[in-house]
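Residue numbers (my numbering), protein chains in the order written: chain S, -4 to 317; chain R, 286 to 570.
Following: one structure in structure tokens, then a few remarks.
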């Protein structure tokens, strides 16, 4: 689809009122559940070997948002995590840094201080992560705090309760307000919109939530908080990749995708990369447009890199503990 | 009406389950007279990697059990094996072509061997550990601890050979990945069924069937394997190359001379796969 004034108007009309937005989101074509699951499964069977595998592993490392989101996170833990993000494999200077570290808002300062000018970004979850069940003012204050502490990226959760109740405009306005709280101009923090697909029940809802997040101005759409099962799955990510592809065709704006939670092995990560390439396209094969929200995944990627380099299987004794 | 034979599918034993080889390969196993007996799974290096992963994740739980409890579990293997002795005797006669009396001897010896090791479980620490006299106001004592994941190449003998190498390794709290006898793999899988039903946690013993020359080098170089038992490697060239590969990650390697498996086993079958932990305690003032 080409970008014409009429499509742009159509999209701006879509968010003019609650009923218009509902009409637009419910007018999106339904997801063929069986088809989406089969396509995702089929893309998972590709065999990626040797140099292609080495390239994919390095790319996957550079796409990791190294995450710690626990109640018992300490400044020390965040510092070690940041050190690991900058030099994932100290035995190999050729190993790329990860894209970002992802922490709670109160630890953004610690992460920022450790990462310095390394180029590794600091992502902060905000808006009362993971449930998001507080008044809007509190959520926005949460975001402003994180941005003021130096967060480069904000991972917000949408109000799933409002979404499932059909109050789409409320969700939309909340995302818009959150984006405004992310700052202005060059200093603006990138906004990742967490859909929490594990709570959205259907693929149709995932598609609607994806479009809603993109219309409201999210820079990334992210599958899950990691606190709800199921977290990221291949079919859900497939639906989201289709949404960002269609959104760019419609508006010309490219949006990133971040599956988070449940991706633990290098094999899984490579399956996702194959899917990104086949569904969204090569343009998305870059840390600016695709991320993995993960913690244990990084160690498996490093062990696979070591296996390729040395020719023998590596073990958890040769990577850092999380 | 005649009845169709129900043929058994011999698979691998990894992590408490019986998967086929990830490679989908099988090989033909013949009986003593060269007739077709069954197809067995031909394990690949990736099966070995999966088995090491299973063994590693089982290690924490198994090694932290009390020695007394491990002894009970090993004794339980003996009990279940005893209950299925007819099946094992018949299998041994078919695969090795030995007499009924000889087969009974091997099953007897295997059960006895398990009971013998079960008894050792909570006594080894007293024999190889203990209080050390030191010149200072310290209470100093040493205790044996399991090495970790042990890769074992089982000797030719289908039942007694396997029991003789596996029992000492797991009794002390290690977990293992075993390459079963290349010549007689079927009994090893039947023994795995015994272990799967006798309180041995999944992953403590993992049995691979296939070519030792194909799998052993991968286990030897695997960084997450802590020790290597080369009892079943009779090709000296393979043994040497595997030993060299193991040196890369400083594994403990046991490469014993030919032994008579019916004779009482040496204690070093257990002690070779133990680490000694010594603790210094200040005492008095």
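The C-beta atom is built at its ideal place from N, Cα and C for all residues, glycine as well.
Check for me: the alpha helix (DSSP H) holding residue 335(R) runs from which residue to which?
330 to 348
Closer than 8 Å at the beta carbon, the chain S residues around residue 441(R): Those within 8 Å of residue 441(R) in chain S number zero; the least Cβ separation is about 27 Å.
Check: Can you tell me the Cα-Cα spacing of residue 327(R) and residue 526(R), whole angstroms?
Finding: 22 Å
Of the listed residues 358(R), 423(R) and 436(R), nearest to residue 569(R) (C-alpha basis):
423(R)
*Meets three-Cβ-pair contact criterion under 8 Å: the region 493 to 501 of chain R and the region 514 to 529 of chain R*: yes
message: On the criterion of 16 or more Cβ atoms from any shown chain inside 10 Å, does residue 262(R) qualify as buried, or is it exposed?
response: Residue 262(R) falls outside the range modelled here, since chain R spans only 286 to 570, and no answer is possible.
Please report whether the beta-carbon of residue 312(S) lies at a distance below 8 Å from any beta-carbon of chain R.
yes
**Prompt:** Whose Cβ in chain S lies nearer than 9 Å to the Cβ of residue 336(R)?
**Reply:** The contacting residues do not exist; residue 336(R) stays about 11 Å from chain S at best.
Review point. Do you know offhand how far residue 554(R)'s Cα is from residue 448(R)'s?
Key: 12 Å
- Task: Return yes when the Cβ of residue 537(R) is within less than 8 Å of the Cβ of residue 512(R), no when it is not.
- Result: yes
Please report the distance separating the alpha-carbon of residue 183(S) from that of residue 350(R).
54 Å
Check residue 308(S) in the structure and name its three-state DSSP category. Residue 308(S) falls in the coil class under three-state DSSP.
Residue 508(R) CB to nearest chain S CB: under 8 Å? yes
Are the beta-carbon atoms of residue 465(R) and residue 493(R) separated by less than 8 Å? yes
Going by other Cβ atoms of all chains shown within 10 Å of its Cβ, with 16 needed for buried, is residue 295(R) buried or exposed? buried
Element boundaries [beta strand (DSSP E), containing residue 188(S)]
185 to 189
Quiz item: Three-state secondary structure (DSSP) at residue 157(S)?
Solution: helix
Checklist line | Test: residue 560(R) CB closer than 8 Å to a CB of chain S | finding: no
Fill in: Element boundaries [alpha helix (DSSP H), containing residue 428(R)]
Taken as a continuous stretch (DSSP letters only), residue 428(R) belongs to no alpha helix (DSSP H), being part of the beta strand (DSSP E) at 423 to 431.
How close, in whole Å, do the beta carbons of residue 203(S) and residue 23(S) come, if the pair is a contact with beta carbons under 8 Å? With a beta-carbon spacing of about 6 Å, residue 203(S) and residue 23(S) fall inside the 8 Å limit used to define contacts.
> Looking at C-beta atoms only, is the number of pairs between the region 305 to 315 of chain S and the region 296 to 311 of chain R that lie closer than 8 Å three or more?
Replying inline: no
Check your understanding: Rounded C-beta distance between residue 125(S) and residue 222(S)? I'm assuming under 8 Å.
Key -> 4 Å
If you reduce the DSSP assignment to three classes, tell me which class residue 491(R) lands in.
strand
Contacts around residue 355(R), its chain only, beta-carbon distance under 7 Å, and the 5 residues preceding and following it disregarded:
406, 456 and 458
For residue -4(S), count neighbouring Cβ atoms within 10 angstroms of its own Cβ and tell me buried if that reaches 16, exposed if not. Confidence at residue -4(S) is low in this model, with a pLDDT of 48, below 50, so the placement of that residue is unreliable and no value is reported for it.
Point to revise | Sufficient close CB pairs (3 or more, under 8 Å) joining the region 9 to 18 of chain S to the region 149 to 167 of chain S | key: In this structure the region 9 to 18 of chain S lies against the region 149 to 167 of chain S, because at least three pairs of beta carbons, one per stretch, are closer than 8 Å.
### Query
Whose C-beta lies closer than 8 Å to the C-beta of residue 399(R) among residues of the same chain, with five residues either side of it excluded?
359, 360, 362, 363, 366, 448 and 452
What residues from chain R crowd round residue 281(S), counting only those whose CB sits closer than 7 Å? Under the 7 Å cutoff, chain R gives no residues; its nearest Cβ is about 31 Å from residue 281(S).
Requested in this report: Classify residue 219(S) as helix, strand or coil using the three-state DSSP reduction.
Outcome: coil
query: What three-state label does DSSP hand residue 262(S) in the structure shown?
result: helix
query = Using a beta-carbon distance below 8 Å, is residue 14(S) in contact with chain R?
reply = Chain R, which has no Cβ nearer than 8 Å to the Cβ of residue 14(S), makes this no.
**Prompt:** Can you name the residues of chain S whose CB is closer than 9 Å to the CB of residue 503(R)?
**Reply:** 307 and 308
| query | Do the region 326 to 345 of chain R and the region 410 to 420 of chain R meet, that is, are 3 or more Cβ pairs less than 8 Å apart? | reply | no
Would residue 77(S) and residue 96(S) be called neighbours here (beta carbons separated by less than 8 Å)? Yes; because the gap between Cβ atoms is below 8 Å, this pair is in contact.
By the three-class DSSP mapping on this structure, what secondary structure does residue 149(S) have? In the structure shown, residue 149(S) sits in a strand (DSSP, three-state: E or B).
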